[in-house]
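Scroll down for the structure; my scribbles are underneath it.
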Amino acid sequence: MRILQTSLLTQKVKELFIEANVDIGPSLVDRLRSAMEAEASPIGKNVLAKIIANDEYAKREKIAICQDTGVSVVFIDIGQDVHFDGGDFNEAIHEGVRQAYKEGYLRKSVVSDPLFDRKNTQDNTPAIIHLRIIPGNEVLIKVMPKGFGSENMSTLKLFAPSVGIEGVKRFIIETIEKAGPNACPPMIVGVGIGGTFEQAALIAKRAVLRGPDHPNLDPRYYELEKELLDLANRLGIGPAGMGGSTTVLAVNIEHHPTHIASIPVAINISCHASRHAEGVL
Ligand code: SF4
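Each residue of the sequence shown is one higher than the last, beginning at 391 in our numbering.
The following block contains the structure:
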């Protein structure tokens, strides 16, 4: 049994949220750069150049990539041989978020009640926490400050199996088209197919977390991702919705076994500021 102090978890969560908010990471910058080179629309090219310059400036000056510093989503895989000591596990994560958003000068974007008073919690808590138990004695942490221009354009539907692959493709492309400029394109589109109502949404978000460089290992889904990327980039929405061939940087699909009577499909959209960072304890 490995004993870990919850203070280490707080520290790691804090570091990761500050890192994710100021540094988009080399793989996304590389993808934006190649999109800029390939973009035929002069306005689209110009928008991509500004996005890249903004990302570089944020990293250099250690300031937020975007004013929308998002809801703090935390994915934690805990080795089954780990025991946390030193205080409440969930509170340790919330405290990491609290410290990151204060010390990193990040906008506090969370309201305590979604419908009535909508008062800002003033520290970006509570975090949304997704836990999994895995073999071993390590703790893998991935954080995602999730902007809501794109989150608001996400959707979920449960289809009868008769809709088939073509119906699923149509739903995904229509969702991207509807998202348009509101999702701050170019987007990363996470698709969760299968499971149940809530599982489809969760794997769609995990698909976003894969970023632009990790296509599906299953050749059937790999081909589907490529086809959907191509179809999406023919929509003409372009960077910032100003027209062009760079609407989507990646379509990532995660799939899961499901019920004989259903094809659940969730689509979680992320903007060009598709931020995440990861660490291990
Ligand atoms: S959707 Fe993304 S780029 Fe647009 S405002 Fe929100 S975080 Fe920023």
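Backbone N, C-alpha and C fix where the C-beta goes; we use that ideal spot for every residue, glycine too.
Values in this document were obtained by computation on a predicted structure and should not be read as measured data.
Residue interval of the beta strand (DSSP E) (run including residue i)
i	result
glutamine 395	392-395
arginine 522	518-524
proline 654	653-660
valine 581	577-585
aspartate 413	No beta strand (DSSP E) contains aspartate 413, which DSSP labels as neither H nor E.
alanine 667	667-670
aspartate 475	472-475
Limits of the unbroken alpha helix (DSSP H) element including residue i
i	result
valine 419	416-428
leucine 530	No alpha helix (DSSP H) contains leucine 530, which is instead part of the beta strand (DSSP E) from 529-536.
aspartate 458	Where aspartate 458 is concerned, there is no enclosing alpha helix (DSSP H), given that its DSSP letter is neither H nor E.
asparagine 480	479-493
isoleucine 433	432-451
Residue i burial status per 10 Å Cβ neighbour count (16 or more: buried)
i	result
methionine 543	buried
phenylalanine 465	buried
isoleucine 523	exposed
proline 629	buried
glutamate 409	buried
tyrosine 491	buried
leucine 394	buried
leucine 505	exposed
valine 655	buried
leucine 521	exposed
proline 609	exposed
alanine 425	buried
histidine 624	Here the sequence assigns arginine to residue 624, which means histidine is not the residue at that position. By the neighbour-count rule (16 or more Cβ atoms within 10 Å), arginine 624 is not buried but exposed.
lysine 616	exposed
valine 670	exposed
alanine 651	exposed
glutamate 588	exposed
leucine 438	buried
aspartate 413	buried
aspartate 475	exposed
lysine 509	exposed
isoleucine 555	exposed
lysine 440	exposed
lysine 568	exposed
Residues of its chain near residue i, where Cβ-Cβ distance is below 8 Å and the 5 sequence neighbours each way are ignored
i	result
leucine 621	Lys559 and Ile563
threonine 511	Lys498, Val500, Val501 and Ser502
glutamine 401	Gly486
aspartate 458	Arg497, Ser499, Gly537, Phe538, Gly539 and Ala663
glycine 626	Gly633, Gly634, Ser635 and Thr637
isoleucine 483	Leu399, Thr400, Val403, Val464, Ile466, Ala517 and Ile519
leucine 619	Val638, Ala640 and Val641
phenylalanine 407	Ser462, Gly486, Val487, Ala490, Tyr491, Gly494, Leu496, Val533, Pro535 and Ala667
valine 529	Leu394, Leu399, Ile466, Asp467, Ile468, Gly469, Val472, Val670 and Leu671
tyrosine 447	Ile453
Contact set for residue i: own chain, Cβ-Cβ below 6 Å, skip 5 residues either direction
i	result
valine 463	Ile518, Met534 and Lys536
glutamate 644	Gly582, Ile593, Arg596 and Ala597
isoleucine 442	Leu422
glycine 570	Ile627 and Gly631
isoleucine 578	Val598, Leu639, Ala640, Ser660 and Ser664
Counterpart residues of residue i in DSSP-defined beta bridges
i	result
proline 551	Proline 551 is not bridged to any residue.
phenylalanine 465	His520 and Lys532
valine 403	In DSSP, valine 403 forms no bridge with anything.
asparagine 642	Gly580
threonine 648	Gly585
leucine 546	Ala656
asparagine 676	The structure shown does not extend to residue 676, since the chain spans only 391 to 671, so no value can be given for it.
Same chain, Cβ closer than 7 Å to residue i, five either side skipped, listed in chain order
i	result
aspartate 471	Met391, Arg392, Gly526 and Asn527
leucine 418	Gly601, Pro602 and Ser664
proline 647	Gly584
proline 605	Tyr612 and Glu615
cysteine 456	Gly537 and Ala663
lysine 449	Val412 and Asp413
phenylalanine 479	Thr396
Every unbroken alpha helix (DSSP H) inside the region 589-638 [4 residues or more]: Runs of the alpha helix (DSSP H) inside the region 589-638: 609-622.
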